[in-house]
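Going down the list, the protein sequences come from chains A and B. The opening position of the first sequence corresponds to residue 0 in numbering that gives the first Met the number 0, with each subsequent residue numbered one higher. The opening position of the second sequence corresponds to residue 0 in numbering that gives the first Met the number 0, with each subsequent residue numbered one higher. Contents: one structure, followed by commentary.
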Amino acid sequence: MPGPGPLGTVPAMHRLAAIAVLLCLAAPAGAELPERLSQTGLSGPGVRGFEPRFALWSDGAAKRRWIALPPGGQVDASQPDAWRFPAGTRLWKEFSVDGRPVETRHFVLGADGRWDFASYVWDGADAVRAPARGRTLTLPGGQRYDVPSTGDCIACHGGARSPVLGFAALQLGPAVPALLREGLLKGAPAAWAMQAPDFVATTPAEHAARGYLHGNCAHCHHGDIGDGSVPVPLRLALDVGQPPAPVDAAKVLRRAGTRNPYQQMPPLGTREVDAEGLALLARHFKLENLP
Amino acid sequence: MKLLIPLLALLVGTAQASDRIERGRYLVNTSGCADCHTPLKMGANGPEPDLARHLSGHPQELTMPAVPALPAGPWLVVSSATNTAWAGPWGVSFTANLTPDPETGLGRWSETDFVQTIRTGRHLGRGRPVLPPMPIPAYSQMTDADLKAMFAYLKSLPAIRNKVPEPWAPATSAQP
């Protein structure tokens, strides 16, 4: 049973930080990222894999993720739900369909505080950088696959509490104490050395359902007006040590259960409904008539 | 002296805000925003902008019927008599309420939401695509300063409560 974490939220600080991040992400691109994935340092030293507990649905693609901090670098966890990363942080996320890698996304935090994004499309033993406008691939099985544009990257990462969505307190959960003991976090609550951060849920079903919504929706629906969140009265983000906000579940399921391109949620990055995810939500919220 | 400096700062700030709104008014008026976002009504001399609904988008009470089938040939687009509903290969789009009504217009939008919408061509910079005939390819080239001025002008307008319908997807060609 997940237990409460040690700290609440710091909304005003989140708000300022989110605006600052959005401005950095919205600025013109900085240094060019390499042309090939093999030149990004993915196979180099200091690269570690990680896995979030509540994965974003990507039409069933299998995903692997890695992070590399600069030598001696630490993640600032003083805002438990909005970690800050040192300049030089690099992340990768690989997408595979039917056991075959299709795309690897990469982003890097520059010395000027600006994140640069690129996507690499696999071609044989290496992957080649996709155009900034994105592209649509047709996979061997005939499935269409959207490689995001740089604007699409910013759409999901730019307004979030932290641009790094998966390497975060609630997403890493039980893996956090080890990171703290390893010295990779600074400013984190001391309690995390012994007790993994979590949100307050009364049942495993609630934990799974609200975690799903956090992983799939929280990067946009995380707060109040003016803090980088979308200006609609819906809060699906979770906070360390806090219970989830109330939600109109039927409305959420209606939007998650359509792929009408103008109504679907999330609005990009998926062409197929996540039937298992919807069933999970329907069970917890006791909604029988799925969209 | 202690009061004079804050007073001068206030006056300068007010003048700058006023200049910005005026710049925004000029840009909105010369960029054709009202052509589609202010519904047309039939007047004595033909269709004319309904100024009581200035920039408030497709009238909520005007429920559109299914899109008529176009004859064979190079016809592509159909629009309503109000010039606020447009049907084409993308489905049906309805022009947005640009007044600062908090429930149905831009009242809850931040300046960043507006700039990012125009810059990216996505609703709020991260949602569904902004649809034709909105000339995003042209407007996305505007400077941040110009877009912010336009937003400041739009926020200065009287709020009009008008809930514009959501767009219709192309496959249905009918109300969702």
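Backbone N, C-alpha and C define an ideal beta-carbon position, used for all residues, glycine too.
Would residue 21 of chain B count as contacting chain A if we go by Cβ distances under 9 angstroms? no
For residue 49 of chain B, three-class secondary structure by DSSP: coil
Span of the alpha helix (DSSP H), counted from its first residue to its last, around residue 110 of chain B: 110–119
Is there a Cβ of chain B sitting closer than 9 angstroms to that of residue 153 of chain A, yes or no? yes
Okay, do the region 145–161 of chain A and the region 114–127 of chain B touch, 3+ Cβ pairs below 8 angstroms being the bar? yes
Given that residue 74 of chain B touches chain A, what residues does it touch there, using C-beta distances under 8 angstroms? Per Cβ cutoff of 8 angstroms: no residues; residue 74 of chain B is ~23 angstroms from chain A at best.
Would you kindly work out how many angstroms separate the C-alpha atoms of residue 70 of chain B and residue 259 of chain A, rounded to a whole number? 26 angstroms
Can you have a look at residue 75 of chain B and say buried or exposed, based on whether 16 or more other CB atoms are within 10 angstroms of its CB? exposed
With a cut-off of 8 angstroms on the beta carbons, I'd call residue 27 of chain B and residue 152 of chain B a contact; round off their distance for me. 6 angstroms
Are the region 48–58 of chain A and the region 74–81 of chain A in contact at 8 angstroms, needing three or more beta carbon pairs? no
Supposed close pair residue 91 of chain B, residue 80 of chain B - CB separation, criterion 8 angstroms: Actually they are not in contact, since the Cβ atoms of residue 91 of chain B and residue 80 of chain B sit about 15 angstroms apart, beyond 8 angstroms.
Whole-angstrom distance between residue 256 of chain A and residue 60 of chain A, CA atom to CA atom: 18 angstroms
Helix, strand or coil for residue 61 of chain A, going by three-state DSSP, please let me know. strand
N-terminal and C-terminal residue of the beta strand (DSSP E) that residue 135 of chain A is part of: 134–137
Beta carbon of residue 68 of chain A nearer than 9 angstroms to that of residue 169 of chain A: no
Should the region 174–189 of chain A be called in touch with the region 210–219 of chain A, which here means at least 3 C-beta pairs below 8 angstroms? no
Starting from the C-beta of residue 21 of chain A, find all residues in its chain whose C-beta is less than 8 angstroms away, skip the five residues before and the five after it, and write them out in chain order. With a pLDDT of 47 at residue 21 of chain A, under the threshold of 50, the modelled position of that residue is not reliable, and no figure is offered here.
Using the beta-carbon of each residue, which ones in chain A are nearer than 7 angstroms to residue 123 of chain B? 229
Taking 9 angstroms as the CB-CB limit, is residue 173 of chain B close to chain A? Confidence in residue 173 of chain B is poor, its pLDDT being 47 and thus under 50, which makes the residue's placement too unreliable to answer from.
Within 10 angstroms of its Cβ, does residue 25 of chain A collect 16 or more other Cβ (buried), or is it exposed? Confidence is the limiting factor: at residue 25 of chain A the pLDDT is only 43, short of 50, which leaves the residue's position unreliable, though a coordinate-based value still follows. By the 10 Å Cβ count, residue 25 of chain A comes out buried.
What do you reckon, are the CB atoms on residue 122 of chain A and residue 135 of chain A nearer than 9 angstroms? no
Can a CB atom of chain B be found closer than 9 angstroms to the CB of residue 330 of chain A? Nothing about residue 330 of chain A can be read from this structure; chain A reaches only from 0 to 290.
For the alpha helix (DSSP H) holding residue 149 of chain B, just list the boundary residues, first then last. 143–155
State whether the region 20–34 of chain B contacts the region 151–166 of chain B, with contact taken as three or more CB pairs (one from each stretch) at a distance under 8 angstroms. yes
Is the beta carbon of residue 50 of chain B closer than 9 angstroms to that of residue 37 of chain B? yes
Please go through the same chain and pick out, in chain order, the residues whose beta-carbon is closer than 7 angstroms to the beta-carbon of residue 93 of chain A, but skip the five residues on each side of it. 62, 63, 100, 103
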